[in-house]
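In my numbering, the protein residues as written are 785 to 1101. Yeah, the Cβ is synthetic: ideal placement off N, Cα and C, and Gly gets one too. Owing to the predicted nature of the structure, the values given are computational and were not obtained by experimental measurement.
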Ligand code: 5GP
Ligand code: MN
């Protein structure tokens, strides 16, 4: 209930906001909209983040407050609101010694309910839908900066209002934001048509090496350290690359494996009925039915590929 969240906010002086590691448009948009809304409501608020922001989301209002330096609650913080994060381990903040209230606001089906209050709406296309409704319930006026954050979050989590999670509510909210004067065209350009030449070259390398596996039902892509070195670009967000796999006719889903210092990052996207959350969960990850991810540690990219192909083959029978 929004009332439970409001009661905690009312009884708090200083409120921290955080999200999942490697924050995407929804995590950042939701957090920054909430940050502004809580300040307008009259409370002190700030963002905790171990992560810094990727280039294409640096235009979001107030994102310059996120420097990657505040990694745990500062003194006298009464409550921490975690948005868009299903698992305690994936929170981009160190909350081990925090004794206050944790509020969990999310839309993931895999959510561990780690908060003192858990507001989970799996029907929301993005967490920002919940944040929008919540700010309205606080009578906070949605100004242009808040609208920019909410719209960006809706747009990125729905693949520009394309994925099956998009509902009438998503369009209503986007419509309200546009009606109040939001420049949506500008946001689409800033997020999607703002890539460096080097990034496009990297996409070229990845597409060139793309394979079809599982009876040509799955498009498998890899981003190796060698490719990153060759293209001289460090990608934080590869959601635009993986979505290309599902553009192929007759495909059921796409996988992207990315080499990193901490292991092989796996991203999964389903085009139709394949439940990729199940596959991610069996690897210790999670997400949504049609978009999920996991981290495979202590394996080479080749081994990770074999593991994932085996799991997909079983799931596709
Ligand atoms: P992406 O592939 O864009 O990183 O993530 C797609 C979805 O899966 C997002 O909703 C994200 O929160 C979730 N996800 C990605 N990686 C992990 C992971 O390692 N663990 C869990 N629980 N969820 C993940
Ligand atoms: Mn989300």
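Quick check: the stretch 1045-1052 against the stretch 1071-1082, are at least 3 beta-carbon pairs closer than 8 Å? Using a Cβ-Cβ distance cut-off of 8 Å, the stretch 1071-1082 and the stretch 1045-1052 are in contact, since at least three pairs of beta carbons, one from each stretch, lie closer than that value.
Span of the beta strand (DSSP E), counted from its first residue to its last, around residue 863: Start and end: 863-867.
I'd like the list of long-range same chain contacts for residue 864, defined as Cβ closer than 8 Å, with 5 residues on each side in sequence excluded. Cβ contact annotation for residue 864 (same chain, cutoff 8 Å, sequence separation greater than five): 799, 800, 801, 802, 832, 857, 877, 879, 882, 884, 885, 886, 887, in chain order.
Can you give the Cα-Cα distance for residue 818 and residue 957, rounded to whole angstroms? Rounded to the nearest angstrom, the two C-alpha atoms are 16 Å apart.
Take residue 901 as the anchor and find which of 919, 917, 793, 1060 has the nearest alpha-carbon. That would be 793, whose Cα lies nearest to the Cα of residue 901.
Unbroken beta strand (DSSP E) run spanning residue 830, endpoints: According to the DSSP assignment, residue 830 belongs to the beta strand (DSSP E) that extends over 828-831.
Please confirm whether any heavy atom of ligand 2 lies closer than 6 Å to the CB of residue 877. No, since every heavy atom of ligand 2 falls outside the 6 Å radius drawn around the Cβ of residue 877.
With a CB to CB cut of under 6 Å and the five nearest residues on each side skipped, what residues in its chain are close to residue 983? These residues qualify, in order along the chain: 1017.
Can you grab the Cα-Cα spacing for the pair residue 871 / residue 895, in whole Å? Distance between the alpha carbons of residue 871 and residue 895 is about 6 Å.
Between 795, 806, 797, 785, which has its C-alpha nearest residue 1023's C-alpha? Proximity to residue 1023 across 795, 806, 797, 785 peaks at 806, based on C-alpha coordinates.
Short Cβ contact (7 Å threshold) for residue 890 with residue 904: The answer is yes: Cβ separation under 7 Å.
Hey, residue 941 and residue 909: beta-carbon distance below 7 Å or not? Going by C-beta atoms, residue 941 is nearer than 7 Å to residue 909.
Secondary structure, alpha helix (DSSP H): runs of 4+ residues fully inside the stretch 900-928: Taking only runs of at least 4 residues, the alpha helix (DSSP H) segments lying wholly in the stretch 900-928 are 911-921.
Determine the burial state of residue 981: buried for a count of at least 16 other Cβ atoms within 10 Å of its Cβ, exposed for fewer. Here residue 981 is exposed: its Cβ has fewer than 16 other Cβ atoms, across all protein chains shown, within 10 Å.
Express the C-alpha separation of residue 1061 and residue 997 in angstroms, rounding to a whole number. Taking the straight line from one Cα to the other gives about 19 Å.
Helix, strand or coil for residue 1114 per DSSP? Because the chain spans 785 through 1101 in this model, residue 1114 falls outside it and cannot be assessed.
Any non-hydrogen atom of ligand 2 closer than 6 Å to residue 911 Cβ: Within the cutoff, so yes.
From the DSSP output, which residues share a beta bridge with residue 1072? Answer is none; residue 1072 lacks a bridge partner.
Any chance you could list the alpha helix (DSSP H) runs of at least 4 consecutive residues sitting entirely within the stretch 942-995, in chain order? Look at the stretch 942-995 and you find these whole runs of alpha helix (DSSP H), each 4 residues long or longer: 952-963, 968-976, 981-992.
Any non-hydrogen atom of ligand 2 within 6 Å of residue 810 CB: Within the cutoff, so yes.
Candidates 899, 873, 861: closest to residue 789 by CA position: The shortest Cα separation from residue 789 among 899, 873, 861 belongs to 899.
Check whether the Cβ atoms of residue 994 and residue 1040 sit closer than 7 Å, and answer yes or no. Result no, Cβ atoms of residue 994 and residue 1040 do not sit closer than 7 Å.
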